[in-house]
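**Q** What follows is a single structure, and I will ask about it in a moment.
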Amino acid sequence: MSLTNYLVLAVVLFTIGGTTVLVRRNAIIAFMGVELMLNATNLSLVTFSRMHGNLDGQVMAFFVMVVAAAEVVVGLAIIVSIYRTRRSASLDDVSLLKH
Amino acid sequence: MNALLLVPAALNADGTVSSGETVLFWVIAPLMVLGALALVFSRRAVYAAVSIIFVMIGLAFLYVAQDAVFLGVTQVVVYTGAIMMLFLFVLMLVGVDASESLIETIRGHRPLVGLFALGLVVGLGGVVISAAYSAPVGLEALNADSNPVGVARVLFGQYALAMQLTGALLIVAAVSAITLTHVERLLPLVTQRRVADAKMEAWAARGARIAQLPASGVYATHNGADIPALSATGEPVMASVPRVLRVRGQQLEIGDFAPNIAAERDRPTGQSGLPNMPGEPAPQLTQGEEER
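Just so you know, the protein sequences line up as chains W and Y, in that order. Residues 2 to 100 in my numbering are what the first sequence lists, from first letter to last. Residues 4 to 295 in my numbering are what the second sequence lists, from first letter to last.
What follows is the structure, encoded as structure tokens:
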């Protein structure tokens, strides 16, 4: 087995995450899809790091994790504050700016 | 040195991975894809969260197998330990059964997304498979002093400024989360003192009840909350039944479960004999009978 298999797995996970963001309308589940996409890119970064014999890829994946943690905190706070005012966690309900 | 930091992940001479890692990959990768698919298809958000936790633990295994031990441990600690627990907390806050409607708001939305997913996986996968890579190098030389030491040398050497900016980012994120979820107090805080004062005011204004409500009836054959207690004179105390049951008409009468008590209660008492009390009238006593 070559290292390409890891990259293919990362592609599959990234696609599933993107599909989740597009299909699901529960804001929390869509957000989990974003997390899955970030994790898939982390896997490809780690694989490329091993392929090129360079630890920069792992450091980049580490930074992605840190930024993802910050992003999750802010995103979930936004979801909670929207839920407080609209009593809904559905993405379709937040369409006031459309009208 | 810790055995975890010496995972044998050496590449073979032709750039392929060892057979042990191959087995690990083919066991974990399909399970991870199944867990990720559960995110798309599961109806309940909690199931989706648990399946994503599973995927993330699988990713941690793959990181460790790929000579990224530090990232593998960080993956478990940060993602499954902190981020997904935060997701579960918010799910509890927002409501576990916040199920979504399955009606398409945009016509043909789902088939289009399926087409998009197919295109993405074929396009990206085709690029990844067909690209010509140089011979894999492996990380044995860089991980000679264990992987965390190697990562730390890069992190605090080349990326020291980025590391400090990341710390600032985390602080800003924490402050923004506090600000976003902060709620202004619109009404004064309800304390015990205020509750007691409100009860006394209601009592002074319209004779409301100050003390707690009486407990429901306890009988030998039935001690549910749906039957009233009996007062000292045998009258049912309706305030002892919860108001919800009374509104729904679900409270029971004494006769519904203990007809003998009801019959006993309705029988005229025969022994009182005192003026203005129920029962037989007081006996008319004469002088002669008294002496006998």
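Quick reminder that beta carbons are idealized off the backbone N, C-alpha and C, glycines included.
Taking 8 Å as the CB-CB cut-off, is R81(W) touching chain Y?
**A** What sits at residue 81(W) in the sequence shown is Val, not Arg. Closer than 8 Å: yes.
**Q** Rounded C-beta distance between A71(Y) and V47(W)? I'm assuming under 8 Å.
**A** Confirmed, Cβ separation roughly 5 Å.
**Q** So is I132(Y) in contact with chain W if we call contact Cβ pairs under 8 Å?
**A** Cβ-Cβ to chain W under 8 Å: yes for I132(Y).
**Q** Between which two residues does the alpha helix (DSSP H) harbouring T3(Y) extend?
**A** Here chain Y comprises residues numbered 4 to 295, so residue 3(Y) is not present and cannot be evaluated.
**Q** Find out if the Cβ-Cβ distance for the pair A176(Y), V60(W) is shorter than 8 Å.
**A** The answer is no: Cβ separation not under 8 Å.
**Q** Under three-state DSSP, which class holds V97(Y)?
**A** Three-state DSSP puts V97(Y) in a helix.
**Q** Any C-beta of chain Y within less than 8 Å: which residues of the region 60-85 of chain W qualify?
**A** So the list reads V60, A62, F63, F64, M66, V67, V68, A69, A70, A71, E72, V73, V74, V75, L77, A78, I79, I80, V81, S82, Y84, R85, given in the order they occur along the chain.
**Q** Can you have a look at Q78(Y) and say buried or exposed, based on whether 16 or more other CB atoms are within 10 angstroms of its CB?
**A** Classification for Q78(Y): buried.
**Q** Taking 8 Å as the CB-CB cut-off, is D229(Y) touching chain W?
**A** No, no contact with chain W.
**Q** When the cut-off is 8 Å and only beta carbons count, does D57(W) lie next to chain Y?
**A** Yes, because at least one Cβ of chain Y sits closer than 8 Å to the Cβ of D57(W).
**Q** Of the choices F73(Y), N146(Y), V178(Y), whose alpha-carbon is the least far from that of G54(W)?
**A** Looking at the Cα atoms, N146(Y) is the closest of the given residues.
**Q** Say whether chain W places a C-beta atom closer than 8 Å to the C-beta of F119(Y).
**A** Cβ-Cβ to chain W under 8 Å: yes for F119(Y).
**Q** If contact is defined by three or more beta carbon pairs under 8 Å, each pair taking one atom from either stretch, is the region 52-63 of chain Y in contact with the region 19-35 of chain Y?
**A** Cβ pair count under 8 Å is three or more, so yes.
**Q** Note down the Cα distance separating A80(Y) from V49(Y), rounded to an integer number of angstroms.
**A** Reading off the sequence shown, one finds Val at residue 80(Y), where the question assumed Ala. Cα to Cα, V80(Y) sits roughly 20 Å from V49(Y).
**Q** Between which two residues does the alpha helix (DSSP H) carrying D70(Y) extend?
**A** Neither: D70(Y) is in no alpha helix (DSSP H) and is coded neither H nor E.
**Q** Would you report the Cα separation of G18(Y) and A120(Y), rounded to the nearest angstrom?
**A** In a straight line, the C-alpha of G18(Y) is about 31 Å away from that of A120(Y).
**Q** Within 10 Å of its beta-carbon, does V186(Y) have 16 or more other beta-carbons around it, so buried, or fewer, so exposed?
**A** That one is exposed.
**Q** In the DSSP assignment, find the alpha helix (DSSP H) that holds I79(W) and state where it starts and stops.
**A** That run of the alpha helix (DSSP H) goes 57-87.
**Q** Nearest to A16(Y) by alpha carbon, out of P139(Y), D200(Y), M166(Y), Y66(Y)?
**A** Among P139(Y), D200(Y), M166(Y), Y66(Y), the Cα nearest to that of A16(Y) belongs to P139(Y).
**Q** Rounded to the nearest angstrom, what separates L39(W) and F90(Y) at their Cα positions?
**A** Distance between the alpha carbons of L39(W) and F90(Y): 16 Å.
**Q** Just the Cα atoms here: how many angstroms apart are S179(Y) and V97(Y)?
**A** If you take the alpha carbons of S179(Y) and V97(Y), they lie about 19 Å apart.
**Q** What separation, rounded to the nearest whole angstrom, lies between the Cα atoms of A201(Y) and V193(Y)?
**A** Using only the alpha carbons, I get a separation of about 11 Å.
**Q** At 9 Å on the CB atoms, spell out the chain Y contacts of L44(W), in chain order.
**A** In chain order: L62, L65, Y66, Q69.
**Q** For E204(Y), count neighbouring Cβ atoms within 10 angstroms of its own Cβ and tell me buried if that reaches 16, exposed if not.
**A** Under this definition E204(Y) is an exposed residue.
**Q** Assuming L42(Y) and I30(W) make a contact with CB atoms under 8 Å, what is their CB distance in whole Å?
**A** Contact flag correct, Cβ pair sits at about 7 Å.
**Q** Is the beta carbon of P262(Y) closer than 8 Å to that of A243(Y)?
**A** One detail in the question is off: residue 243(Y) reads as Ser in this sequence, not Ala. Result no, Cβ atoms of S243(Y) and P262(Y) do not sit closer than 8 Å.
**Q** Residues of chain W with CB closer than 8 Å to the CB of T194(Y), please, in chain order.
**A** None at all; the shortest Cβ gap to chain W is about 24 Å.
**Q** Under a CB-based cut-off of 8 Å, is A163(Y) close to chain W?
**A** Answer no: the Cβ-Cβ gap between A163(Y) and chain W never drops below 8 Å.
**Q** Assuming L92(W) and R26(W) form a contact by the criterion Cβ under 8 Å, report the distance between their Cβ atoms to the nearest whole angstrom.
**A** So it is a contact: roughly 5 Å between Cβ atoms.
**Q** Report yes if the CB atom of I79(W) is closer than 8 Å to the CB atom of L183(Y), and no otherwise.
**A** Contact: yes.
**Q** Report the CB separation of A106(W) from S45(W) in whole angstroms; it is logged as a contact under 8 Å.
**A** Examination of residue 106(W) is not possible in this model, given that chain W is present from 2 through 100 alone.
**Q** Which residue wins for smallest C-alpha separation from V24(W), given the options G252(Y), S21(Y), S45(Y), G227(Y)?
**A** Comparing Cα positions, the closest option is S45(Y).
**Q** For L4(W), return the contacting residues in chain Y, with the cut-off set at a CB-CB distance below 9 Å.
**A** Those within 9 Å of L4(W) in chain Y are L14, G18, T19, V20, Q69, Y136, P139.
**Q** Going by C-alpha to C-alpha distance, which of G129(Y), D148(Y), I181(Y) sits closest to V81(W)?
**A** Here the closest residue by C-alpha is I181(Y).
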